[in-house]
Amino acid sequence: MPTSDYTPADTLRPATPAGYQSPRPLRYPPLVILGLVSVLVPVAAVVFGGILWYAQGTALDAVFSVDETATGITFTLASGLVAVTCIGTIVAATVLHELVHGLAYRWFGYDVSYGVAPQLGAFYVAAFHQFQERTHNIIVGIAPLVVLDALLLPVLFVPLPLLAFAAFLALLFNTAGAAGDLYSYCRLNILYARV
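Just so we're aligned: 168 in my numbering is position 166 of the sequence shown, and the numbers increase by one with no gaps anywhere.
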């Protein structure tokens with residue numbers, strides 16, 4: 003059984019280095035995060051979907067179809083392989099998103115922990131029990147959005163429609179998954195800039 007150097011009563015707050023103000027908590031208001039997601043998803047879908055359509059055109063018919071019916075619009079995946087690819091892409095995008103956070107933390111020399119916060123419905127990477135510089139947190143927070151989106155955008159142009167569609171889904175989920183990161187970026191970069 004693993005042991006810990008800390009008891010449940012410990013605050014687990016690292017000592018503040020000389021010359022720094024006391025740490026301030028950074029909370030993620032659920033309605034603000036939900037609002038960000040509700041903006042990020044449609045914008046990312048239109049932007050990345052437009053690029054995907056430009057790059058792939060009618061080749062996407064092999065992956066999915068969109069049909070107008072008397073009562074609305076239907077979206078149909080072409081096969082079970084496409085459905086499995088969608089699920090695998092969502093899982094991979096989530097894992098890679100958190101992995102990039104972890105690699106960025108490690109770049110700055112932090113010890114990293116990975117986990118799940120069920121109450122938030124989120125996965126996370128954290129550098130527990132360590133003082134973290136504001137600029138490090140800004141870079142760590144924005145890293146997955148910048149790095150993964152930059153790596154995935156060219157894949158939209160690969161002449162394999164299923165792979166391009168998977169890249170589109172990964173872009174969509176990575177960007178939506180960055181809502182908390184963008185909130186943190188704004189808080190740290192704007193509100194705490196003079197601290």
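C-beta atoms are modelled at their ideal positions from N, C-alpha and C, and glycine is treated no differently. For clarity, every value in this text was computed on a predicted model and none was experimentally measured.
Item, Value
"Unbroken alpha helix (DSSP H) run spanning Glu221, endpoints", "Past the edges of the chain, shown from 3 to 197, lies residue 221, and the structure says nothing about it."
"Cβ neighbour criterion (16 or more within 10 Å) applied to Leu28", "exposed"
"Close Cβ partners of Ser115 (< 6 Å) along its chain, the five nearest in sequence each way excluded", "Ala128 and Phe130"
"Between the CA atoms of Pro19 and Ala85 - distance to the nearest angstrom", "51 Å"
"Three CB pairs or more closer than 8 Å across the segment 147-154 and the segment 23-41", "no"
"Ranges of the beta strand (DSSP E) found wholly within the segment 130-167, counting only runs of at least 3", "none"
"Nearest to Val102 (by Cα), restricted to the options Asp69, Thr73, Leu147 and Phe66", "Leu147"
"Alpha carbon of Leu98 to alpha carbon of Cys88, nearest angstrom", "15 Å"
"Supposed contact pair Ile92 and Phe170 - C-beta distance, whole angstroms, cut 8 Å", "In fact, because the Cβ distance is near 12 Å, the residues do not count as touching under 8 Å."
"Proximity below 7 Å, CB of Ala106 to CB of Val142", "yes"
"DSSP-derived helix/strand/coil call for Asp63", "helix"
"Alpha helix (DSSP H) segments (min. 4 residues) lying fully within the segment 168-193", "181-188"
"Cβ shell of Leu83 (< 8 Å), same chain only, five flanking positions each side left out", "Leu164"
"One or two residues paired with Val118 in a DSSP bridge", "Phe125"
"Where Phe167 falls, given that 16 or more other Cβ within 10 Å makes a residue buried", "buried"
"Beta-ladder partner(s) of Ile53, from DSSP", "None; Ile53 has no bridge partner."
"Proximity winner among Gln23, Leu42, Pro25 and Arg15, relative to Leu184 (alpha-carbon distances)", "Leu42"
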